[in-house]
Amino acid sequence: MSFTNVLGQGQAKHIISQALSHSRLSHAYLFYGPESIGKKLLAVEFAKALNCLSPETDNACGTCDSCRKIDDRIHPDFFFLEPTKSTPAAREAYIKIDAIRELQKKLGFLPYQGKTKVAIIDQVEKMNAQACNAFLKTLEEPPSSTVLILITSNIYQLLPTLISRCQGIKFNPLPPEAIREILQSTGEETLDPTEVDLRVGRSKGQVARALSDEATETASYRSEMIGLIGQVSFKRMDLLFQWSKTMAKGGQPLSQILEEMLGLLRDLTFIKSGGSPDQLFNRDLMSELEPVARKKSLSHLLKMTEAVNQTQYALSGNANAQLALETMLLDFCEAA
Ligand SMILES: [Zn+2]
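As structure tokens, then:
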């Protein structure tokens with residue numbers, strides 16, 4: 034069973050297996066949920082199952098000519114579309130109208146080698162308006178023998194008309210056991226058990242996060258942030274300005290700093306509410322978190338969380354980084 038290659042996602046797998054075994058396929062699916070939890074992997078397995086030459090109870094064999102060609106992305110009835118940059122220096126990648134027209138042309142033909150043409154469109158929210166309009170026509174009048182699989186980790190950025198024309202399948206963050214299994218089976222170096230525990234706790238069920246997490250390296254600046262949360266007040270404005278300046282100029286991306294700040298505030302709130310230590314994101318810093326949690330009130334912690342959320346929002350609109358961090362910390366002081 035090739036669906037077993039995909040860890041977790043029992044519900045999504047069940048829906049797809051049922052559709053395959055009853056031959057009741059939708060012409061378009063929308064796989065949505067956080068990044069790096071297996072959406073693309075399952076989409077490819079689905080494409081294989083639809084075209085496998087020797088399927089095993091509604092599942093792809095994984096070894097036939099068709100399965101191998103889909104894995105190598107050279108199957109003539111399998112199309113994979115993702116955002117591309119117009120020039121190497123371009124900041125953002127998009128799915129543009131030319132790519133959609135090209136796909137529409139290919140979908141106009143009957144399957145060449147397989148039974149069903151499958152088109153996977155990854156990061157579908159990156160379609161620009163023109164491309165999206167053109168693509169809506171394909172969704173309205175789907176070509177025969179075709180299954181479209183759209184993938185997004187930002188469903189809120191999609192047009193309602195696009196969402197309503199697809200069968201939505203929700204993907205969930207992976208359970209800790211699955212992340213643990215992946216950490217222990219991939220990667221060149223063997224991680225020591227404490228590091229594995231820590232990464233599992235900090236991953237939020239997302240594989241890429243677990244694999245790239247440099248928890249040990251970020252420990253010092255996370256620890257600095259706990260100190261800051263504990264001490265910042267109108268009496269210690271020096272701390273506020275110093276930290277904002279250092280962070281705005283430092284090497285860590287701001288989105289990551291704010292994400293870590295939210296994780297720490299979440300842990301403090303969690304300790305304050307009597308949660309168990311093994312549920313903490315930053316369990317390596319338990320001894321530093323505890324005294325700060327004792328000192329702060331729950332309402333102060335929640336107001337600080339709100340201030341970080343607002344800063345995340347402001348920064349998505351290109352605000353000045355140092356100013357945004359200073360404003361956030363002023364809100365921290367005010368909340369006290
Ligand atoms: Zn096969």
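Count along the sequence shown starting at 1, add 33, and that's the number in our numbering. Even glycine gets a Cβ: it sits at the ideal position worked out from N, Cα and C.
Out of the options, which one is the CA nearest neighbour of residue i?
| i | options | result |
| --- | --- | --- |
| K102 | E89, T90, E115, C85 | C85 |
| Q312 | L169, Q51, A162, R232 | R232 |
| I107 | A123, S87, A122, V77 | V77 |
| I154 | E115, S236, L143 | E115 |
| R316 | E228, R269, S266 | E228 |
| K138 | F168, A122, Y127 | F168 |
| G141 | A93, P175, G263 | P175 |
| D230 | Q156, P310, L192, T37 | P310 |
| P286 | Y254, Q264, I262, F314 | Y254 |
| K336 | E210, L295, S218 | L295 |
| P109 | I130, L143, P121 | L143 |
| N187 | E321, G41, P67 | P67 |
| G263 | K282, G283, T219, L322 | L322 |
| S69 | C97, Q156, T37 | Q156 |
Could you tell me the distance, in whole angstroms, from the CA atom of residue i to the CA atom of residue j?
| i | j | result |
| --- | --- | --- |
| G71 | Y189 | 19 Å |
| S99 | V39 | 19 Å |
| C165 | G95 | 33 Å |
| M34 | D104 | At M34 the pLDDT is 45, less than 50, meaning the model places this residue with poor confidence; the figure from the coordinates comes in the next sentence. About 15 Å. |
| T149 | P88 | 14 Å |
| A241 | I212 | 10 Å |
| Y65 | A162 | 20 Å |
| S256 | A368 | 21 Å |
| E359 | E293 | 17 Å |
| E158 | T185 | 6 Å |
| K268 | G234 | 35 Å |
| I49 | L244 | 28 Å |
| A132 | S119 | 12 Å |
| I215 | S266 | 43 Å |
| E135 | I202 | 26 Å |
| P193 | I128 | 18 Å |
| L74 | G147 | 20 Å |
| F79 | F314 | 34 Å |
| Q44 | T338 | 32 Å |
| A123 | M160 | 16 Å |
| G41 | P209 | 10 Å |
| P324 | G307 | 14 Å |
| L191 | F204 | 17 Å |
| S320 | K46 | 41 Å |
| L195 | Q51 | 24 Å |
| G284 | P121 | 23 Å |
| K170 | T37 | 35 Å |
| S332 | S177 | 57 Å |
Between residue i and the rest of its own chain, which residues show a CB-CB distance below 7 Å, the 5 nearest in sequence each way excluded?
| i | result |
| --- | --- |
| L334 | L298, L301, T302, K305 |
| T90 | none |
| M258 | E293, M294, L297 |
| I130 | Q163, A164, A167 |
| G260 | none |
| S21 | The requested residue 21 is not part of the displayed model; the chain covers only 34 to 369. |
| Q217 | V229 |
| E250 | none |
Leaving out the 5 sequence neighbours to the left and right, which residues in its chain are closer than 6 Å to residue i when beta-carbon positions are compared?
| i | result |
| --- | --- |
| I182 | Y62, A76, I153 |
| I290 | M280 |
| G238 | P206, L207 |
| A357 | T344, A347, L348 |
| T117 | A126 |
| S236 | I212, R242, A243 |
| D246 | R232, R235 |
| A93 | S35, K81, A82, C85, C100 |
| A352 | none |
| S277 | Q355, L358, E359 |
Can you give me the Cβ contacts of residue i inside the same chain, cut-off strictly under 8 Å, excluding the 5 residues immediately before and after it?
| i | result |
| --- | --- |
| C3 | The structure shown does not extend to residue 3, since the chain is modelled only from 34 through 369, so no value can be given for it. |
| A252 | D317, L318 |
| T179 | H60, L140, T149, K150, V151, A152 |
| F112 | L136, K139, L140, K150, V151, A152, I153 |
| Y145 | P109, D110 |
| T219 | L244 |
| S288 | Q345, L348 |
| K248 | The sequence given here has Ala at residue 248, not Lys. Cβ neighbours of A248 beyond the five flanking positions: E228, L231, R232, R235, D317. |
Query raised in the report: Should the stretch 341-358 be regarded as contacting the stretch 320-329, the criterion being three or more beta carbon pairs within less than 8 Å?
Result: These segments do not touch.
Requested in this report: Write down every uninterrupted run of the alpha helix (DSSP H) in the stretch 58-118 whose length is 4 residues or greater and which is fully enclosed by it, in chain order.
Outcome: With a minimum length of 4 residues, the continuous alpha helix (DSSP H) runs that stay inside the stretch 58-118 are 72-84, 98-104.
Report task. Counting only runs of 3+ residues fully inside the stretch 172-233, write out the beta strand (DSSP E) ranges in chain order. Result -> Counting whole runs of 3 or more residues, the stretch 172-233 contains the beta strand (DSSP E) stretches 179-185, 200-203.
Query raised in the report: Are there three or more Cβ pairs, one per stretch, closer than 8 Å when the stretch 50-58 is compared with the stretch 219-228?
Result: Taking a cut-off of 8 Å on C-beta distances, the stretch 50-58 does not touch the stretch 219-228, as fewer than three cross pairs fall below it.
Query raised in the report: Is it true that the stretch 269-285 meets the stretch 353-364, where meeting means three or more beta-carbon pairs spaced less than 8 Å apart?
Result: Short answer: they touch.
Report task. Could you name each continuous alpha helix (DSSP H) segment of 4 residues or more that falls completely within the stretch 300-369, going from the start of the chain to the end? Result -> Correct list: 319-328, 331-349, 354-368.
Query - Whole runs of the alpha helix (DSSP H) within the stretch 237-286, excluding any shorter than 4 residues - result: Listed in chain order, they are 240-245, 248-264, 270-282.
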